[in-house]
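Enquirer: Okay, here's the structure, questions in a sec.
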DNA sequence: ATCGTGCTGTGATCCAGATCACCCCTGCAC
DNA sequence: GTGCAGGGGTGATCTGGATCACAGCACGAT
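Residue numbers (our numbering), protein chains in the order written: chain S, 1 to 241; chain P, 242 to 482.
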C-alpha cells in the first residue's frame, strides 16, 4: 500500500481527462451528471474479483483505469480467458440486461478504479435515456465481436503457434512507448503468466512455454521480464503459413 | 415452387399470432405500427444467403418463420456454425449497431419469412424508442450468451462425443410432436448434414459419422432419415463422464 | 542463509482425432 | 435405363499437443 498515494482516484466524471475517448463517458453534461449520481467509485488492488461467474447480478462496473480479465470456467475446473477489458468498458452488462447470473468472472489485472452502478438504477436510467441505450448496444456489440474472434481462433483449428502468434500480434497494437528501440522491434508489456496465456489460446502451459521458446530461438521475439520485443513481420508469417 | 401456396405469408405484424411470444414483436400497438411501416416482408427458399460475412451492413432481418444458420469462415475456408436462429430473432444487429461489415453469414435452413429493415431507418427508430433499444440489448445479450456457450464448448477440450452429446441435448429441448413414441425417447427433426454438424462442434465429418455410429450402437439414439429418437438420460451420462 | 511458493523450461510417453482413400447408398437429370 | 453428384460409412495412418514428471530460478518471508 506504499504506492497508494501514487494512484490518483477520479471522482468527478465531468472533469475526467479521458471523458471524450470513452464510449460510455462521452455523454452530454446533464446525462453524465445524472449517471454519475448513481455511481460509487472505488479502487481495487490487482487480483480483485469484481464479479464471479454464476453470481446473481448486482450491477455494472465501468472500468476507469487499469485492466481486467474476463474468464469463464468449465465444470471440470478449466478456465478460458475471454478477453482483457480496457479502461472505458462496461462490465457485467449481459447479466444486468438479461437478469441472469454473471456469465464470466472479472478479475483486475492491475490496481484499477471502477465505478459501480446498481442494476435497478442502471436499468431505469437506460430506459429513460435512449442515448445511453445505444451505448449499451455498442458495448454489447463489442462483447459479441470479441467472442466471435475467440470462436474463430479456437474453432478453426489453427495450430497453437498460429493462435499464439495471432494473440501477440493483437497485443502489439498497443505498443509500449520506449525511447530507444531498434526499428522493426515493437516493445510491449505482458503481465500475464504463461498459464494465463495458455487459457487465452486454449492450450496447456507447457505448450505455451515450448512455443515461446521456439519463437525466441527463431528470432520472432525477445523476452526480458515483462517486456517483450516483437518482430511483427516474422510473426505475421507464422499466421499465414 | 409447387408448395408456395402452402406457405402463408404474414403481412401484418399487429395481427400476427406469435406477436406476444417474440421479444421483438411484443411491443405496444403504436410502436409496432411504426416499426412495421419501415419493413419489407419476403419469403426466402431454403438455402438463401440473407447476408454474407464481410459485406457492408444494409439492415436487419427479423426472422418470422423458419430457421437460419449463422456461420463464420476462416481464412483457410473452414467454417464454423455459431448458432441456429429461431423465429423472432433479429439478425445482423451487431453490424448495424457498430456500422461494421457483417460478422457472419446467415443462410436459411428452411423456407423462411423475414422482415427487412434498412439500417438508417432502424437506427433512427431505436434512438427514438428507448423501449426498442432495450429489446436490441436483449437480443445482443442473447448473441453473447450463445457465443460464450460455444467458446466453453470449443475451448474446454471436451472430447468430440461429449460436445456432440451436448449439442443433441440442446436440440432435444425442442422435441417433435409425434403421436406414438416410446417413453424416454424424444423425437427430434435434424435437417443438418453431418458436414454441418461437424462445423458446429468443430470437428471433421468422419468423426461425426463414427461418433453417431457409436451412439446408435450403444442405444443412445436412433436415426431414421431426418428424425432422430433421443435417449436423454444416456446422452446426459456421456456429458458428465 | 534457508525455506517455501509461484513461474518457467524440457524430456518422455501416449492417444484422440485429423486426414487420406476408398466404397456404398439414394435420388435426380437426361 | 445410365450417369452422376451429394451424403454417409469405415479402415489405415500419422501427428500435434495433452499429460506426467521433474528441475531450475527468482523473490519474499522468516
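Beta carbons are placed, not taken as given, at the ideal position from N, Cα and C, and that holds for glycine. These numbers come from a predicted model, not from an experiment.
Ignoring anything shorter than 4 residues or poking outside the segment 275-355 of chain P, list the alpha helix (DSSP H) runs there in chain order.
Expert: 334-339
Enquirer: Between the Cα of residue 107 of chain S and the Cα atoms of S:138, S:128, S:67, which residue gives the shortest distance?
Expert: Residue mapping note: residue 107 of chain S aligns to position 107 of the first chain, counting from 1. Closest by alpha carbon: S:67.
Enquirer: Can you confirm whether residue 194 of chain S, when its beta carbon is compared against all beta carbons of chain P, has any partner nearer than 8 Å?
Expert: As a working mapping, residue 194 of chain S is identified with position 194 in the first chain. Chain P contact via Cβ: absent.
Enquirer: With three or more C-beta pairs closer than 8 Å as the rule, is the segment 392-404 of chain P touching the segment 459-474 of chain P?
Expert: no
Enquirer: In the DSSP assignment, the alpha helix (DSSP H) including residue 402 of chain P goes from what residue to what residue?
Expert: As a position in the second chain, residue 402 of chain P is number 161, starting the count at 1. First-last of the alpha helix (DSSP H) with residue 402 of chain P: 401-412.
Enquirer: Going straight from the alpha carbon of residue 61 of chain S to that of residue 299 of chain P, what length do you get?
Expert: As a working note, residue 61 of chain S is residue 61 in the first chain. As a working note, residue 299 of chain P is residue 58 in the second chain. Spanning the two alpha carbons is a distance of roughly 33 Å.
Enquirer: Just checking: is the beta-carbon of residue 377 of chain P within a distance shorter than 8 Å of some beta-carbon in chain S?
Expert: For the purposes of this step, residue 377 of chain P is identified with residue 136 of the second chain, where counting begins at 1. Cβ-Cβ to chain S under 8 Å: yes for residue 377 of chain P.
Enquirer: Which word fits residue 246 of chain P, buried or exposed, when buried means at least 16 other C-beta atoms lie within 10 angstroms of its C-beta?
Expert: To locate residue 246 of chain P, count along the second chain from 1; it is residue 5. For residue 246 of chain P, the predicted structure reports a pLDDT of 41, less than 50, and the residue's modelled location is therefore unreliable. A value from the coordinates is still provided. The residue is exposed, with fewer than 16 neighbouring Cβ atoms inside 10 Å.
Enquirer: I'd like the span of the alpha helix (DSSP H) that includes residue 210 of chain S, first residue to last.
Expert: Here residue 210 of chain S is taken as the residue at index 210 of the first chain, counted from 1. Element bounds for residue 210 of chain S: 205-217.
Enquirer: Looking at the secondary structure, which residues open and close the alpha helix (DSSP H) in which residue 8 of chain S lies?
Expert: Mapped onto the first chain, residue 8 of chain S falls at position 8. Segment: none, residue 8 of chain S is in no alpha helix (DSSP H) and carries neither H nor E.
Enquirer: Alpha carbon to alpha carbon, what distance is there between residue 121 of chain S and residue 135 of chain S?
Expert: Translated into the one-based positions of the first chain, residue 135 of chain S becomes position 135. Translated into the one-based positions of the first chain, residue 121 of chain S becomes position 121. Using only the alpha carbons, I get a separation of about 16 Å.
Enquirer: List the endpoints of the continuous beta strand (DSSP E) containing residue 472 of chain P.
Expert: Reading the second chain from its first residue, position 231 is the one you call residue 472 of chain P. Its beta strand (DSSP E) spans residues 468-472.
Enquirer: Which same chain residues, not among the five before or five after residue 146 of chain S, have their C-beta less than 6 Å away from its C-beta?
Expert: Within the first chain, the letter at position 146 stands for residue 146 of chain S. Non-local C-beta neighbours of residue 146 of chain S in its own chain, meaning closer than 6 Å and more than five positions away in sequence, comprise 83, ordered along the chain.
Enquirer: DSSP on residue 135 of chain S, reduced to helix/strand/coil?
Expert: As a first step, residue 135 of chain S is located in the first chain; it is residue number 135 there, counting from the start. Helix, per DSSP.
Enquirer: Take the Cβ of residue 411 of chain P as the centre, count every other Cβ of all protein chains shown within 10 Å, and call the residue buried at 16 or more, exposed below.
Expert: To locate residue 411 of chain P, count along the second chain from 1; it is residue 170. Per the 10 Å Cβ criterion, exposed.
Enquirer: Do the segment 117-132 of chain S and the segment 363-371 of chain P meet, that is, are 3 or more Cβ pairs less than 8 Å apart?
Expert: A contact between stretches requires three or more CB pairs, one per stretch, nearer than 8 Å, and the segment 117-132 of chain S meets this requirement with the segment 363-371 of chain P.
Enquirer: Using a beta-carbon distance cut-off of less than 7 Å, what residues from the segment 138-149 of chain S approach chain P?
Expert: 138, 140, 141, 143, 144, 145, 147, 148
Enquirer: What is the rounded straight-line gap between the Cα of residue 215 of chain S and the Cα of residue 175 of chain S?
Expert: Residue numbering aside, residue 215 of chain S sits at position 215 when the first chain is read from its first letter. Residue numbering aside, residue 175 of chain S sits at position 175 when the first chain is read from its first letter. Roughly 19 Å between the two C-alpha positions.
Enquirer: I want to verify the contact list: residues of chain P whose CB lies under 8 Å from the CB of residue 103 of chain S, in sequence order.
Expert: Here residue 103 of chain S refers to the residue found at position 103 when the first chain is read from its first residue. What residue 103 of chain S touches in chain P: 385, 386, 389.
Enquirer: So which residues on chain S does residue 361 of chain P lean against when the C-beta distance must stay under 8 Å?
Expert: As a working mapping, residue 361 of chain P is identified with position 120 in the second chain. Residues of chain S whose Cβ lies closer than 8 Å to the Cβ of residue 361 of chain P do not exist; the shortest such Cβ separation is about 14 Å.
Enquirer: Taking the alpha-carbon positions, what's the residue 32 of chain S to residue 15 of chain S distance?
Expert: Along the first chain, read from residue 1 onward, the residue named residue 32 of chain S stands at position 32. Along the first chain, read from residue 1 onward, the residue named residue 15 of chain S stands at position 15. Roughly 11 Å between the two C-alpha positions.
Enquirer: For chain P, check one thing: does any of its Cβ atoms lie closer than 8 Å to the Cβ of residue 97 of chain S?
Expert: Against the first chain, residue 97 of chain S aligns to sequence position 97. Answer yes: the Cβ-Cβ gap between residue 97 of chain S and chain P drops below 8 Å somewhere.
Enquirer: So what does DSSP say about residue 242 of chain S, is it helix, strand or coil?
Expert: The question about residue 242 of chain S has no answer, for chain S in this structure spans 1 to 241.
Enquirer: Taking just the CA atoms, how far does residue 99 of chain S sit from residue 44 of chain S?
Expert: If you number the first chain from 1, residue 44 of chain S lands on position 44. If you number the first chain from 1, residue 99 of chain S lands on position 99. The alpha-carbon atoms of residue 44 of chain S and residue 99 of chain S are separated by roughly 25 Å.
Enquirer: Is residue 116 of chain S near residue 42 of chain S, with beta carbons less than 8 Å apart?
Expert: Walking along the first chain from the start, residue 116 of chain S turns up at place 116. Walking along the first chain from the start, residue 42 of chain S turns up at place 42. Contact check for residue 116 of chain S against residue 42 of chain S passes: the beta carbons are separated by less than 8 Å.
Enquirer: Of all Cβ atoms in chain P, is any one closer than 8 Å to the Cβ of residue 78 of chain S?
Expert: As a first step, residue 78 of chain S must be located in the first chain, where it is residue number 78. With 8 Å as the cut-off, residue 78 of chain S counts as an interface residue toward chain P.
Enquirer: Report the residue from P:437, P:409, P:444 whose alpha carbon sits nearest the alpha carbon of residue 427 of chain P.
Expert: For the purposes of this step, residue 427 of chain P is taken as the residue at position 186 of the second chain. Comparing Cα-Cα distances from residue 427 of chain P to each of P:437, P:409, P:444, the minimum goes to P:409.
Enquirer: Go through its chain and collect everything with a Cβ distance to residue 406 of chain P's Cβ below 7 Å, but skip five positions before and after it.
Expert: Here residue 406 of chain P refers to the residue found at position 165 of the second chain. 476, 479, 480.
Enquirer: Mind pulling the chain S residues with CB within less than 9 Å of residue 368 of chain P?
Expert: As a first step, residue 368 of chain P is located in the second chain; it is residue number 127 there, counting from the start. Annotation: Cβ neighbours of residue 368 of chain P in chain S (cutoff 9 Å, chain order): 130, 131, 133, 134.
Enquirer: Smallest Cα separation from residue 431 of chain P: which of P:448, P:447, P:423, P:413?
Expert: Along the second chain, read from residue 1 onward, the residue named residue 431 of chain P stands at position 190. Closest by alpha carbon: P:413.
Enquirer: Using the beta-carbon of each residue, which ones in chain S are nearer than 8 Å to residue 393 of chain P?
Expert: For the purposes of this step, residue 393 of chain P is identified with residue 152 of the second chain, where counting begins at 1. The answer, in chain order, is 72, 74, 80.
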